[in-house]
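Let me begin by presenting the structure, written as structure tokens, before commenting on it.
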Amino acid sequence: MDFRYYGGIVSRFDDFLRENLTQVQPNFMVWLGSGALIGLGVIVPEMSPSNFLIYFGLYEKMSSDISHLNMATVIPLVIGAILCVLVLANLANYLFRCYYAGMYHFILGTVLGSSLTIFPTVVAPAFTPEGLVVSGISFLDYCLCDVLCRLLLFSLV
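Note that this note's numbering numbers the sequence shown so that position 144 is 630, with each residue one more than the last.
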């Protein structure tokens, strides 16, 4: 078994996903699916739909459209969220009752996987001096947080 062959396939598939999924063009069906993700975040504990929306490049557009009450975005989001909650609430309850450990492993994998996918595309580029200034984080802020965390941790021991 040649792992380099499979590694190449996985690498090409990852490149394909990054090129085609990181900037999804918003339309009614995309917003409906985004609403379903938000509804899924309501049903499934620890599920963060914002990770997926950031990865797909939809989060900023969605938050802007919601703040400006753009009904072409708000209506499909609400419909998708409500439909997802109504349809999947009983299914999620059944799955947690019957497959408790499997469901929690699935959720943990989904949360970790979605968090790891946004790191190289969104989080890592922000760790430049310009990105840190824009986010309001400076070296002094970091040092202050570090000192406070250490004081709190050592005071509890």
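Using N, Cα and C, we set each Cβ at its ideal position, and we do this for glycine too.
Report task. Counting only the same chain and skipping the five closest in sequence on each side, list residues whose C-beta sits under 7 Å from that of G519. Result -> The residue you call residue 519 lines up with position 33 of the sequence shown. Excluding positions up to five away in sequence, the list reads G566.
Query raised in the report: Grouping DSSP H, G and I as helix and E and B as strand, with all else coil, what is Y590?
Result: As a first step, residue 590 must be located in the sequence shown, where it is residue number 104. Y590 falls in the helix class under three-state DSSP.
Requested in this report: Within the same chain, show all residues whose beta-carbon is closer than 8 Å to that of G525, passing over the 5 residues directly before and after it, in chain order.
Outcome: Here residue 525 is taken as the residue at index 39 of the sequence shown, counted from 1. Only G566, A567, I568, L569, C570, V571, L574 meet the Cβ criterion.
Report task. For M533, collect the residues of the same chain with a Cβ closer than 8 Å to its Cβ; drop the 5 residues on either side in sequence, then sort them by chain order. Result -> The residue given as residue 533 occupies position 47 in the sequence shown. Excluding positions up to five away in sequence, the list reads L526, G527, I593, T596, V597.
Query raised in the report: If you draw a straight line from the alpha carbon of N556 to that of I529, how long is it in whole angstroms?
Result: Indexing the sequence shown from 1 puts residue 556 at position 70. Indexing the sequence shown from 1 puts residue 529 at position 43. Their Cα atoms are separated by approximately 26 Å.
Query raised in the report: Taking DSSP as the reference, what is the three-state secondary structure of Y585?
Result: Taking the sequence shown and counting its residues from 1, the one referred to as residue 585 is at position 99. Looking at Y585 - three-state DSSP - the assignment turns out to be coil, as it is neither helix nor strand.
Query raised in the report: With 16 other CB atoms within 10 Å as the buried threshold, where does I540 fall?
Result: As a working mapping, residue 540 is identified with position 54 in the sequence shown. With 16 or more other Cβ atoms within 10 Å, it is buried.
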